[in-house]
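Here my numbering is used: position 186 in the sequence shown is 186, and no number is missing along the way. Beneath this line is the structure, given in structure tokens, with notes to follow.
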Amino acid sequence: MWRDSVSDGLVQIGRRAPAAATPVAASSTPADAETSPAEGARVYVETYGCQMNVADSDLLLGILGEAGYRRTDRADEAELLVLNTCAIREKAEERVLARASELAALKRRRPGVVLAVVGCMAEHLKAKVAERAPLVDVVAGPDSYRRFAGIVGARRSGGAGAAPAVVDVKLDRAEVYEGLSGEAGGDGVSGFVTIQRGCDKFCTFCVVPYTRGRERAVAPREVLRQVRAHADAGYREVVLLGQTVNSYRHEEAGFADLLRAVARVDGIERVRFTSPYPVDFTERVIDVVADEPKVCNYVHLPVQSGSDRVLERMRRGYTSGEFRALVARLRERVPGIALSTDILSGFSGEDEDDHAATLALMRELRFDFCFMFSYSEREMTYASRRIPDDVTPEVKKRRLREIVALQETISAEVNAAHVGRRERVLIHSRSKRSADELLGRTDGFKAVILPRGDTRPGDLVDVVIERANLATLFGRVAA
Ligand code: SAH
Numbered sequence: 001m002w003r004d005s006v007s008d009g010l011v012q013i014g015r016r017a018p019a020a021a022t023p024v025a026a027s028s029t030p031a032d033a034e035t036s037p038a039e040g041a042r043v044y045v046e047t048y049g050c051q052m053n054v055a056d057s058d059l060l061l062g063i064l065g066e067a068g069y070r071r072t073d074r075a076d077e078a079e080l081l082v083l084n085t086c087a088i089r090e091k092a093e094e095r096v097l098a099r100a101s102e103l104a105a106l107k108r109r110r111p112g113v114v115l116a117v118v119g120c121m122a123e124h125l126k127a128k129v130a131e132r133a134p135l136v137d138v139v140a141g142p143d144s145y146r147r148f149a150g151i152v153g154a155r156r157s158g159g160a161g162a163a164p165a166v167v168d169v170k171l172d173r174a175e176v177y178e179g180l181s182g183e184a185g186g187d188g189v190s191g192f193v194t195i196q197r198g199c200d201k202f203c204t205f206c207v208v209p210y211t212r213g214r215e216r217a218v219a220p221r222e223v224l225r226q227v228r229a230h231a232d233a234g235y236r237e238v239v240l241l242g243q244t245v246n247s248y249r250h251e252e253a254g255f256a257d258l259l260r261a262v263a264r265v266d267g268i269e270r271v272r273f274t275s276p277y278p279v280d281f282t283e284r285v286i287d288v289v290a291d292e293p294k295v296c297n298y299v300h301l302p303v304q305s306g307s308d309r310v311l312e313r314m315r316r317g318y319t320s321g322e323f324r325a326l327v328a329r330l331r332e333r334v335p336g337i338a339l340s341t342d343i344l345s346g347f348s349g350e351d352e353d354d355h356a357a358t359l360a361l362m363r364e365l366r367f368d369f370c371f372m373f374s375y376s377e378r379e380m381t382y383a384s385r386r387i388p389d390d391v392t393p394e395v396k397k398r399r400l401r402e403i404v405a406l407q408e409t410i411s412a413e414v415n416a417a418h419v420g421r422r423e424r425v426l427i428h429s430r431s432k433r434s435a436d437e438l439l440g441r442t443d444g445f446k447a448v449i450l451p452r453g454d455t456r457p458g459d460l461v462d463v464v465i466e467r468a469n470l471a472t473l474f475g476r477v478a479a
């Protein structure tokens, strides 16, 4: 999912798969009278960035479905074009602006089409989105989706293309979209459930608290309702989402309690969560990972750097020693646990010793895989105001290359060690490469390709791994 980010710092999650003009799933809330003149209009959504954005696009499709929109995977036949965007690195924003200009060409051919830029980049650039992409009609932040159908409806009846763009980027400390079902997204086997919005960590490099606002928790009963809805719709796995998912707290319930409750929902066979924050990984959470059989033995734990000086400048709240101790504790309590991480290379002030410390930490901890990024200064952050971005682009590029090369070697070795093993695999879908092959995932989140045989998406099967490369395992169903 984040793998492409190695090359350019941005991932397009991809256009949504279903056939053209499939109805958007209805939820239990009746359509708001104000927002329903859209009967029969079609919406096209493109999603950029992280899993939370993917989940938000599904939420938005649910909200628009209530208002009468039907989803299409063809931009040229839609009345409403939505780009759900990411602001985490500068390239992410540049790419969306270029895409907005491309889509604007469709507006010229079909007057009345509304072009909306929503999500983190909308929140980050606000009205500047419309200055830099003049044909954008609506700019809406991550807390504006409840009003979105109304905003678009007003724009459509007022005449799209009429200047200036409508900008709705008010953040809301209470908005968790409770009661809205959203479209059941994902691959039909594994689905996302957002349990927390926003972030309170304020790491000095990171724009998220400014684009997604302050941290808030979705009530446990609402989370469980959505997990049950996934189970009822035939999903076998849920992935709980939050920016620092394990800092979750809602009244008396902490993350460990919620995770345990979710793991006990009938019909759900696997539970994952992303991304936990190292400081909030309590012993109670480790207990749940260790003893709830349905909670996968896999954790994505963003470390960012192996240098204490850099970690301090980033205000991560832990030292590399504390991070190592946490990894040791996880490996002791959950033998064989798979671990992945994020590395942010080339942050302000990072010198060769700091970089060497990151490489050393990677060699020592041997993550299963890793998402690797080069620092990109973001307006609004503490670093952009106070810590000059002083590592040259050439040095950043070289350090990232070294990090990527090291991780490729480690991932290839870790995967090779799986050859000959038997792994429990949840089948997710057909493989993209061939109709005769399926794509599944191990408990440790490794992609497995296997011949189709009698196996179908949703099945949990034992697979013998026969070969591996640095990204994928290949095997067949055990006899
Ligand atoms: N909540 C997560 C961060 C999510 S953003 C955490 O615990 O850190 C995903 C990743 O993007 C981060 O882990 C970081 O490695 C990267 N990232 C964040 N800000 C960045 C920036 N300004 N430049 C480059 N990469 C960045």
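The beta carbon of each residue, even a glycine, is placed where N, CA and C say it ideally should be.
With H, G and I counted as helix, E and B as strand and the rest as coil, what does DSSP make of residue i?
i    : result
I247 : The identity of residue 247 in the sequence shown is Ser, whereas the question assumes Ile. Three-state result, S247: helix.
V391 : coil
D354 : helix
T35  : Because the pLDDT at T35 is just 43, under 50, the model does not fix this residue reliably, and the point stays unresolved.
M372 : strand
V463 : strand
H418 : coil
I88  : coil
G112 : coil
E379 : coil
S384 : helix
A25  : With a pLDDT of 37 at A25, under the threshold of 50, the modelled position of that residue is not reliable, and the figure given next carries that caveat. Coil.
M183 : In the sequence as displayed, the identity of residue 183 is Glu instead of Met. Correct three-state label for E183: coil.
A165 : coil
E123 : helix
Would you report the Cα separation of residue i and residue j, rounded to the nearest angstrom?
i    : j    : result
R385 : E377 : 10 Å
A217 : Y248 : 6 Å
A447 : V139 : 37 Å
V288 : R173 : 29 Å
E332 : L326 : 10 Å
G191 : A127 : 33 Å
L439 : I427 : 6 Å
P493 : A116 : Outside the displayed span of the chain (1 to 479) sits residue 493, for which this structure offers no information.
D462 : G158 : 58 Å
A479 : T472 : 22 Å
A31  : E79  : Low confidence applies to A31: its pLDDT is 39, below 50, so where it sits in the model is not reliable, and the reading given next is rough at best. Answer to the nearest angstrom: the Cα atoms are 19 Å apart.
I88  : D454 : 42 Å
E252 : R228 : 22 Å
L470 : T409 : 8 Å
N84  : M121 : 8 Å
R476 : R430 : 14 Å
C370 : R109 : 43 Å
L460 : D354 : 43 Å
L180 : R225 : 11 Å
In terms of alpha-carbon separation, which member of the options lies closest to residue i?
i    : options                : result
R401 : M372, V118, D143       : M372
P278 : D351, A165, Q304, D257 : Q304
V54  : G186, F255, R197, V117 : G186
S345 : P276, D389, L135       : D389
D232 : R324, V189, R74, H418  : V189
I195 : A263, F255, A149       : F255
Y235 : I268, D76, V295        : I268
E237 : M362, F273, D257       : F273
A75  : T341, R422, E46        : E46
R146 : E131, V176, P164, R156 : V176
L495 : R225, I63, F367        : The first residue shown for the chain is 1 and the last is 479, placing residue 495 beyond what the model contains.
P487 : E215, Y48, V96, R155   : This structure leaves residue 487 out entirely; the chain is present only between 1 and 479.
R398 : N246, Y375, V262       : Y375
E66  : L97, V114, G153        : G153
Are the beta-carbon atoms of residue i and residue j separated by less than 8 Å?
i    : j    : result
T211 : H124 : yes
Q243 : V208 : yes
G317 : T358 : no
V299 : P335 : no
L259 : V285 : yes
L240 : G213 : no
V167 : V118 : no
A360 : A416 : no
F148 : L60  : yes
G68  : N297 : no
P457 : E437 : no
In the DSSP assignment, find the unbroken alpha helix (DSSP H) run with residue i in it and report its ends.
i    : result
L258 : 255-263
I151 : 148-158
I286 : 283-291
In the DSSP assignment, the beta strand (DSSP E) including residue i goes from what residue to what residue?
i    : result
G458 : Premise fails: G458 is in no beta strand (DSSP E) and is neither H nor E.
R424 : 422-430
R476 : 472-477
A338 : 338-345
R441 : 437-442
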